[in-house]
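Note sheet for the following structure.
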Amino acid sequence: MVPPTVGGTGRSVSFPPPGRYTWPEGQDSASGPSGEIAFPLVTTPADGPPPSPEWAPEREVTAATAAALIADRFPGLRGAAVERLATGWDNTVFRVGGEWAFRFPRRRIAVPGVEREIAALPVLAPRLPLPVPVPRYAAGPSAGFPWPFWGGRLIEGREFADVRPPDAERGALAAGIGGFLRALHDPALVREAGEGLPLDPMRRADPALRAERTLPRLDALAALGAWDRDPAVEAFLAAARDRRPPDGEPVIVHGDLHVRHLLLGPDGRAAGIIDWGDVCLADPAVDLSLAYAGFGGDARAAFLAAYGPVSPDQEAAARTLALNLSATLAEYAASTGRDALLAESLAGIARAVARP
Numbered sequence: 000m001v002p003p004t005v006g007g008t009g010r011s012v013s014f015p016p017p018g019r020y021t022w023p024e025g026q027d028s029a030s031g032p033s034g035e036i037a038f039p040l041v042t043t044p045a046d047g048p049p050p051s052p053e054w055a056p057e058r059e060v061t062a063a064t065a066a067a068l069i070a071d072r073f074p075g076l077r078g079a080a081v082e083r084l085a086t087g088w089d090n091t092v093f094r095v096g097g098e099w100a101f102r103f104p105r106r107r108i109a110v111p112g113v114e115r116e117i118a119a120l121p122v123l124a125p126r127l128p129l130p131v132p133v134p135r136y137a138a139g140p141s142a143g144f145p146w147p148f149w150g151g152r153l154i155e156g157r158e159f160a161d162v163r164p165p166d167a168e169r170g171a172l173a174a175g176i177g178g179f180l181r182a183l184h185d186p187a188l189v190r191e192a193g194e195g196l197p198l199d200p201m202r203r204a205d206p207a208l209r210a211e212r213t214l215p216r217l218d219a220l221a222a223l224g225a226w227d228r229d230p231a232v233e234a235f236l237a238a239a240r241d242r243r244p245p246d247g248e249p250v251i252v253h254g255d256l257h258v259r260h261l262l263l264g265p266d267g268r269a270a271g272i273i274d275w276g277d278v279c280l281a282d283p284a285v286d287l288s289l290a291y292a293g294f295g296g297d298a299r300a301a302f303l304a305a306y307g308p309v310s311p312d313q314e315a316a317a318r319t320l321a322l323n324l325s326a327t328l329a330e331y332a333a334s335t336g337r338d339a340l341l342a343e344s345l346a347g348i349a350r351a352v353a354r355p
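Here it is, written out as structure tokens:
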């Protein structure tokens, strides 16, 4: 079986052995009847300019549409209740039959990430100390929907950004995430599960680039009246524009680890890490950004104690990305009326430059 190419890099993703998923009727693996891959990367140029704002969908999937697609591709789930669970920039997630979560891309740019999730998550999941989604049902493009989609066991929990535990009560949570990232960033895992993953395609570990892209976000927040300009933030970004990326060996990273992708259980501890569409090889700083956006003071110390040493260059890159992600989420929240996410993201901007 020839694996599909992902991300336009010429690197390939090897699908796990057949049998891990339930495939549509007439298809028992990632290969179609003729041996052709059933998950082709969608590379057809979009018609016209991208939608505005940037998080607007190119294709919206309703619960009724999702139910029809799932029933058509997976008859065993026909008649299962389908309800919208969450919507992000790139995907819409539906609860199916009370026990499954199905992810449908909303934008063409999300398709390589969907393919990476299908390929990588079954390999990563048994090696990690916290639950992550594992594809159990996977479907390729069809006449009814032009992109792949997949479903796995639902991970119960609430987004960190919605719960917003008091800063003083985040220590145990922080330590759990630090330990999780220590396992994910183990260099041995690159040899076991890193084949085919792209190398930091978004350049999230590059502080100069991230600083440049953060400034317009902050300008937009200020124009919306959602953020008061902070000299400490602006000074930090000015310095970051002269910094180089860390030069360590790349590890497997989640790639987009922020306060919407961490789920909390009723006890306030981590229940799972979701939305792995940006999984790639990169400097650990990409994921360590959560230590600086989501935690401060003793909680941050607990995070870093559980994780291990972080170099000054990694810290600077992680703080810069923390600012970038927090500003991006804050702009999105302010524009879409998500008050809890806005409050947490604005707090993340302040935490990112706070010492220690």
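Going by numbering that gives the first Met the number 0, the first residue of the sequence shown is number 0, and it counts up by one from there. Virtual Cβ for every residue (Gly too), placed ideally from N, Cα, C. Being a predicted model, the structure only gives us computed values, none of them experimental.
Tell me the rounded alpha-carbon separation between residue i and residue j.
| i | j | result |
| --- | --- | --- |
| T42 | F148 | Low confidence applies here, because T42 scores a pLDDT of 32, under 50, leaving its location unreliable and the question unanswered by this model. |
| D46 | P56 | Since pLDDT at D46 reaches only 42, below the 50 mark, its modelled position is unreliable, and no value is offered. |
| E211 | L172 | 31 Å |
| I108 | D89 | 8 Å |
| I348 | A238 | 16 Å |
| L120 | P130 | 11 Å |
| E59 | E194 | 32 Å |
| R354 | L256 | 21 Å |
| P311 | G178 | 20 Å |
| A63 | P308 | 49 Å |
| P249 | R115 | 17 Å |
| D185 | A281 | 12 Å |
| R77 | A142 | 19 Å |
| L322 | R259 | 15 Å |
| G170 | V232 | 25 Å |
| R337 | W99 | 26 Å |
| Q313 | A284 | 5 Å |
| R350 | R106 | 31 Å |
| V110 | W146 | 7 Å |
| R203 | L328 | 15 Å |
| T86 | F101 | 12 Å |
| G356 | P164 | The chain is shown from 0 up to 355; residue 356 falls before or after that span and cannot be answered. |
| A326 | L261 | 18 Å |
| A234 | T213 | 13 Å |
| R363 | F103 | Summary: the structure shown does not reach residue 363, with the chain confined to residues 0 through 355, and so no result is reported for it. |
| A225 | A207 | 25 Å |
| L196 | W275 | 12 Å |
| L236 | Y331 | 20 Å |
| V95 | A80 | 6 Å |
| A304 | A174 | 7 Å |
Residues bridged to residue i by DSSP?
| i | result |
| --- | --- |
| P134 | G151 |
| P104 | N90 |
| V252 | C279 |
| W99 | V95, R152 |
Three-state secondary structure (DSSP) at residue i?
| i | result |
| --- | --- |
| A353 | coil |
| I348 | helix |
| A270 | strand |
| A225 | coil |
| E82 | strand |
| V258 | coil |
| A62 | helix |
| E116 | helix |
| E158 | strand |
| T42 | Unreliable placement is indicated for T42, whose pLDDT of 32 sits below 50; no coordinate value is reported for it. |
| E343 | helix |
| D246 | coil |
| L76 | helix |
| R163 | coil |
| D338 | helix |
| E211 | helix |
| L129 | coil |
| A55 | coil |
From which residue to which residue does the beta strand (DSSP E) around residue i run?
| i | result |
| --- | --- |
| P311 | Note, P311: premise wrong, no beta strand (DSSP E); alpha helix (DSSP H) at 311 to 335. |
| L263 | 261 to 263 |
| A281 | 279 to 281 |
Looking at the unbroken alpha helix (DSSP H) that takes in residue i, where does it start and where does it end?
| i | result |
| --- | --- |
| L289 | 284 to 292 |
| R299 | 296 to 306 |
| E233 | 230 to 239 |
| F179 | 170 to 183 |
| L198 | Unbroken run through L198: none, as it is neither H nor E. |
| R190 | 186 to 192 |
Report whether the distance from the Cβ of residue i to the nearest heavy atom of the ligand SAH is below 7 Å.
| i | result |
| --- | --- |
| P145 | The model on display carries no ligand, and the ligand SAH is accordingly not part of it. |
Is any beta-carbon of chain D found at less than 8 Å from that of residue i?
| i | result |
| --- | --- |
| Y291 | The displayed structure is made up of one protein chain only, and chain D is not part of it. |
Contact the segment 129 to 141 vs the segment 295 to 307: 3+ CB pairs below 8 Å: No, the segment 129 to 141 does not touch the segment 295 to 307.
So, do the segment 145 to 160 and the segment 269 to 280 have three or more beta carbon pairs nearer to each other than 8 Å? yes
Three or more C-beta pairs below 8 Å linking the segment 241 to 255 and the segment 218 to 231: no
Assess, as a yes-or-no matter, whether the segment 290 to 297 is touched by the segment 188 to 204 under the definition of 3 or more beta carbon pairs within less than 8 Å. Cβ pair count under 8 Å is below three, so no.
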